[in-house]
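Notes follow once the structure below has been shown.
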């Protein structure tokens, strides 16, 4: 039987996986789970109390993208788990995924303190036995936990590593705030994107060396090449020893990690700051394994861009669509079904959840799910300024 939760809809057929996002509501944070069908389309199913509250960062006026980050909800396919931040409670919740019915979730243990304030981004290691968090508030920094399948998250001793961003709780943003946390491809380092505050403070990437599951005491700073302003995301570029950051100040930045051996000066010839024409707020990025391309999302202009990157790390925008009916799209993830990739993107302003097909090249919308009415019927509190996160899980 499913674990207790709020029922949002009935199954419409055999699912191949699930999509998860958080309500991040100040009156109670819930994780929303939807079935994914073999055609890539979704069906709303259930919502579960995450044991904490959400919050919106300080912003005037407040708009969608309440945490100023990417990766606030994350899954581990190996461990059959999904984790999310309770940003208003400074905690992290961990759920076990039923591999036979991925919308059936069970909280493991209790939500644990994130080790700081205003947690905004999470990352599992490949083995699924470690989870790390980026805190972006007045008490900022990273922290890592051992993942226990029976007892939940266990903080490692003395592993809180500050970033020194001089922020508030919740953070005042979006500029000058912590962004996405990731492992490098070989998991030898943790990296956090830090958005700049133009014109005086450029953004940067912060790297912590990992040894025996512990991050180094101090981080190495990698400054951007000329033109980059506010690295928001930190998407690993497979096989390239590089990271892509969506940058609302320009479009996107490609970071050649060979620059780290250059003292963090950002002078390696393969690093670049790249313009997305007409963009205003390109903040999210992800890799499409089936197409080999990268997808960027601009919340303000409702742009979805597809970028091809060659072996010399030269990026080219090959598809660039604007969806006026997609008001303020934010967090997204990419899933592969039968060797075909789909984009799952959250649209808080219109309280919608959209699915698009990646045609390699090309992007085709295939579904829009309205969230407001089913949430209201079920008594689930959502609004257009707080929803955040998107993470996928597929049956083995």
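In the numbering used here, the protein residues as written are 1 to 396. The C-beta atom is built at its ideal place from N, Cα and C for all residues, glycine as well.
- DSSP places residue 257 within a helical segment (H, G or I) once states are collapsed to three.
- Measuring C-alpha to C-alpha distances from residue 288 to each of 132, 32, 396 and 361 identifies 361 as the nearest.
- Taking the Cα positions, residue 223 is about 5 Å away from residue 204.
- Taking the C-beta atoms as reference points, residue 234 is found no nearer than 8 Å to residue 58.
- For residue 206, the enclosing beta strand (DSSP E) has its first and last residue at 204-211.
- Residue burial annotation: residue 352 is buried, with at least 16 other C-beta atoms found within 10 angstroms of its C-beta.
- If the five residues before and after residue 369 are omitted, its C-beta is found closer than 7 Å to the C-beta atoms of 42, 44, 352 and 353, all from its own chain and listed in chain order.
- In the three-state reduction of the DSSP assignment, residue 86 falls in the strand class, which pools E and B.
- Nearest Cα to residue 321 within the set 340, 295 and 198: 295.
- Counting only runs of 4+ residues, no alpha helix (DSSP H) is found wholly inside the region 120-154.
- Residue pairing for residue 390: DSSP places it in no beta bridge.
- In the DSSP assignment, residue 376 falls within the unbroken alpha helix (DSSP H) covering 372-378.
- In this structure, residue 15 keeps its C-beta atom at 8 Å or more from the C-beta atom of residue 51.
- By a beta-carbon distance limit of 8 Å, residue 64 contacts residue 349. Their separation comes to about 5 Å.
- Annotation: the region 2-75 contains the following complete segments of the beta strand (DSSP E) (minimum length 3 residues), in chain order: 15-22, 30-37 and 42-49.
- Scanning 108, 30, 276 and 387 for the CA closest to the CA of residue 319 turns up 276.
- Annotation: residue 197 to residue 230 spans about 7 Å, alpha carbon to alpha carbon.
- For residue 348, the three-state secondary structure derived from DSSP is helix.
- Annotated three-state conformation of residue 218 is coil, per DSSP.
- Shown here, residue 196 sits in coil according to DSSP, grouped into three states, outside any helix or strand.
- Of the candidates 248, 258, 143 and 270, the residue whose Cα lies closest to the Cα of residue 280 is 248.
- Comparing C-alpha distances from residue 114 to each of 132, 221, 329 and 309 shows the shortest one belongs to 132.
- About 5 Å separates the CB atoms of residue 378 and residue 8; that is less than 8 Å, so the two are in contact.
- Closest option to residue 82, judged by alpha-carbon separation, among 315, 93 and 89: 93.
- Here the alpha carbon of residue 310 sits roughly 10 Å from the alpha carbon of residue 293.
- As computed with DSSP, residue 163 is found in no beta bridge at all.
- Here residue 149 is exposed: its Cβ has fewer than 16 other Cβ atoms, across all protein chains shown, within 10 Å.
- Of the other Cβ atoms in all chains shown, fewer than 16 fall within 10 Å of the Cβ of residue 12; this residue is therefore exposed.
- Shortest Cα-Cα distance from residue 290 to any of 303, 284, 298 and 308 involves 308.
- Within the same chain, Cβ atoms closer than 7 Å to the Cβ of residue 246 are found at 232, 233, 252, 282, 283, 284, 285 and 296, the five residues on either side in sequence being excluded.
- Taking C-beta atoms as the reference points, residue 137 and residue 164 fail to come closer than 8 Å.
- Rounded to the nearest whole angstrom, the C-alpha separation of residue 241 and residue 191 is 13 Å.
- Counting only residues of its own chain and dropping the five nearest sequence neighbours on each side, residue 338 has a CB closer than 8 Å to the CB of 38.
- In this structure residue 78 is exposed. Its beta-carbon is surrounded by fewer than 16 other beta-carbon atoms within 10 angstroms.
- A distance below 6 Å between beta-carbons, with the five flanking residues on each side excluded, links residue 70 to the following residues of its chain, in chain order: 180, 233 and 284.
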